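Residue numbers (the numbering used here): -9 to 226.
Glycine residues also receive a C-beta, built at the ideal position from the N, C-alpha and C atoms.
From a predicted model like this one, the values you see are computed outputs, not experimental measurements.
See below:
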């Protein structure tokens, strides 16, 4: 025979299970086209929220939530597989997909991790432009999610992952980077020498006649001038 306390615990568990079973998934949205640049809706979350307390700072991929030079982000892994690396163009911040959540399954929203409630509230809801640096791994996403199929939001992600598997595992053609300017070789001038234009006169060397002072005078005191050609460079 159960004690009153045991009955109370059993009842609470039943109510909790019923609540989880009846909790509706978010309205489904068609996935965004896979592209290097996307415009998406973003929200923010932190590890001290009530629905994240039991996980503390752990993420869904088995590591810890990050808030350093690369920050954690949660989303539907059938849209952005685990390991997807992206940059927010508005802030320059870099994020990696390593988490997911019930309210994100079947949507095109990305939840950005913030280390405090104040930072979370300051972000709010924003529509931002992001650049995909590296697409994540659909195979790894399935490997992590498949053992968790008892959860409705996980089943939704796995269904879409399997449906889009060929697309998500196909190599993505990232745009080629602009080639860097070749460095100058030591001793080379910073710029090429200027070329003469068609209408500019070409300098011509000329000569002038001068008396040669070393010429000895002839008889009678007359010395004829002997021209000495002295070249010089003309200037423009």
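Item to complete: State the Cα-Cα distance for the pair residue 144 and residue 151, rounded to the nearest angstrom.
Response: The count along the chain shown starts at 1 and reaches residue 144 at position 154. The count along the chain shown starts at 1 and reaches residue 151 at position 161. Their Cα atoms are separated by approximately 10 Å.
Worksheet item: Are residue 85 and residue 102 touching if we call contact CB-CB under 8 Å?
Response: Along the chain shown, one-based indexing puts residue 85 at 95. Along the chain shown, one-based indexing puts residue 102 at 112. Closer than 8 Å, so yes.
Worksheet item: Out of curiosity, what's the CA-to-CA distance linking residue 15 and residue 149?
Response: Here the question's residue 15 lines up with position 25 in the chain shown. Here the question's residue 149 lines up with position 159 in the chain shown. Cα to Cα, the separation comes out at about 14 Å.
Worksheet item: Is residue 155 helix, strand or coil when you go by DSSP?
Response: As a first step, residue 155 must be located in the chain shown, where it is residue number 165. Correct three-state label for residue 155: helix.
Practice prompt. Please go through the stretch 55 to 123 and give each complete alpha helix (DSSP H) segment of 4 or more residues, from N-terminal end onward.
Written response: 107 to 113
Practice prompt. Just the C-alpha distance for residue 38 and residue 163, rounded to the nearest angstrom, thanks.
Written response: Position 48 of the chain shown, counted from the start, is the residue given in the question as residue 38. Position 173 of the chain shown, counted from the start, is the residue given in the question as residue 163. Cα to Cα, the separation comes out at about 39 Å.
Worksheet item: Is residue 35 helix, strand or coil when you go by DSSP?
Response: For the purposes of this step, residue 35 is taken as the residue at position 45 of the chain shown. In this structure, residue 35 counts as strand in the three-state DSSP scheme.
Fill in: residue 133, enclosing alpha helix (DSSP H) - first and last residue
Reading the chain shown from its first residue, position 143 is the one you call residue 133. Its alpha helix (DSSP H) spans residues 128 to 135.
Worksheet entry | DSSP-derived helix/strand/coil call for residue 47 | Stepping through the chain shown from its first residue, residue 47 is reached at position 57. In the structure shown, residue 47 sits in coil (DSSP, three-state: anything other than H, G, I, E or B).
Worksheet item: In whole angstroms, what is the alpha-carbon distance linking residue 123 and residue 13?
Response: Here residue 123 refers to the residue found at position 133 of the chain shown. Here residue 13 refers to the residue found at position 23 of the chain shown. The straight-line gap from Cα to Cα measures roughly 35 Å.
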